[in-house]
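Asks: The structure's right below; bear with me while I get my questions together.
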Amino acid sequence: ALAGPAYKGFAHAPGLTVDELLAVARAVIPPDLGTVTQAGLGYLEITAPGVDKASGLAVVAAELGIESRDVLVFGDMPNDVPMLRWAGLGVAMGNAHPDAIAAANEVIAVAREAGNPTSTHPLGPAVVAQAIRHVAGEERWENIEPTLTAAIRGEFGHLRGPVAEHAQAAADNAPAGETV
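Mapping to this note's numbering: the sequence shown position 173 is 191, numbers consecutive.
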């Protein structure tokens, strides 16, 4: 028995793909009862109604005074769909789930396709930079690139505000040799 409320549940059904199970679950669980999605890990995620990546980002953005139209997000699975729709610019990876691609404003190549064959993370810094440069355009890129480069290197001293303070704290607390 649970000692307190459950904030997230998981479901799996042998014999069904996760997309098949998602379709069944969405047919029987109305949105006012729970949010049902999947992240590509072979099981469903079930949370309280309206709790998803978009609602979480909306809370953070409101706290920081940032409007959704000024937010750029990346996603690749159905659990990213609300976030891709909420943000001013939603970018899906080229190998993303069809639902994520349909929800995105832009689709970009994955790391290996973007000329970074050694990247071990599908969304490495080179891919992020490529996406931002593509959607921002060359003129705006000239203003963005120095800040992005500094952020990738963990150099946050010239940035200001709560996000920069959080990023600097994370960099300061990272294990030696690890980047944030």
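Here a beta-carbon is modelled for each residue, glycine too, at the ideal position from N, C-alpha and C. If you're wondering where the values come from, they're calculated on a predicted model, not measured in any experiment.
(1) Decide if lysine 26 is buried, meaning its Cβ has at least 16 other Cβ atoms within 10 Å, or exposed.
(2) Is it true that the segment 26–44 meets the segment 70–85, where meeting means three or more beta-carbon pairs spaced less than 8 Å apart?
(3) Let's see if you can read the secondary structure: which residues bound the beta strand (DSSP E) around leucine 59?
(4) Please confirm whether aspartate 98 and alanine 121 have their CB atoms less than 9 Å apart.
(5) Taking the C-alpha atoms as reference points, what is the distance between glycine 93 and asparagine 123?
(6) Hey, quick one: how far does the beta strand (DSSP E) through glycine 93 stretch, first residue to last?
(7) List the residues that DSSP assigns as beta-bridge partners of threonine 55.
(8) In whole angstroms, what separates the C-alpha of proline 48 from that of alanine 21?
(9) I need the DSSP call for glutamate 124, collapsed to helix, strand or coil.
(10) Can you tell me whether alanine 24 is buried or exposed, with buried defined as 16 or more other CB within 10 angstroms of its CB?
(11) Between alanine 66 and the rest of its own chain, which residues show a CB-CB distance below 6 Å, the 5 nearest in sequence each way excluded?
Replies: Let me spell this out:
(1) By the 10 Å Cβ count, lysine 26 comes out exposed.
(2) The segment 26–44, when compared against the segment 70–85, does not touch it at the 8 Å Cβ threshold.
(3) Premise fails: leucine 59 is in no beta strand (DSSP E) and is neither H nor E.
(4) Between aspartate 98 and alanine 121, the gap from beta carbon to beta carbon is short of 9 Å.
(5) If you take the alpha carbons of glycine 93 and asparagine 123, they lie about 11 Å apart.
(6) Residues 90–93.
(7) Per the DSSP secondary-structure output, threonine 55 pairs in a beta bridge with Glu63.
(8) Cα to Cα, the separation comes out at about 26 Å.
(9) DSSP places glutamate 124 in strand when its eight states are reduced to three.
(10) With a 10 Å radius around the Cβ and a threshold of 16 neighbouring Cβ atoms, alanine 24 comes out exposed.
(11) Taken in chain order, the list of residues that qualify is empty.
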